[in-house]
Amino acid sequence: MSIAEFLDGFPSYDKRNFSSFTKKSCGNKSSSVYITTKDIPSEQTIANGNPLELLQSLHKKWDVKNLSKKRALVETDEEPSTSRKRPRVI
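With the numbering used here applied, the sequence shown corresponds to residues 1407 to 1496, in that order.
Given below as structure tokens:
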């Protein structure tokens, strides 16, 4: 079986299948393209916010590490007899 015989029955091979094809007229409308307004040097590189992420992760680790110290400070600072809450009125 040759390639021509194989492609004989496919619609892409039959030219009559494309006889009613018409191109859509888009008029004077041009496709939207971004046009730069500033000349940016090619050596300019985009820097990521890695220092900020590093600082955030270090703060989280420090907070987890020192959580017990913070709890101890909070417990010693509180006085059990004084409370600023008002009693609930029913």
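From the three backbone atoms N, C-alpha and C, an ideal C-beta is built for every residue, glycine too.
1. Taking only the alpha-carbon atoms, compute the straight-line gap between A1478 and N1472 and give it to the nearest angstrom.
2. By how many angstroms is the C-alpha of L1464 removed from the C-alpha of V1470?
3. Determine the DSSP secondary structure at D1414, reduced to helix, strand or coil.
4. DSSP state of S1474, grouped into three classes?
5. DSSP state of S1463, grouped into three classes?
6. Out of curiosity, what's the CA-to-CA distance linking Y1440 and N1456?
By the coordinates alone:
1. For A1478 and N1472, the gap between their C-alpha atoms comes out near 10 Å.
2. Going by C-alpha positions, V1470 is about 10 Å away from L1464.
3. Looking at D1414 - three-state DSSP - the assignment turns out to be coil, as it is neither helix nor strand.
4. DSSP places S1474 within a helical segment (H, G or I) once states are collapsed to three.
5. Note: S1463 maps to helix in three-state DSSP.
6. When only Cα atoms are considered, Y1440 and N1456 end up about 29 Å apart.
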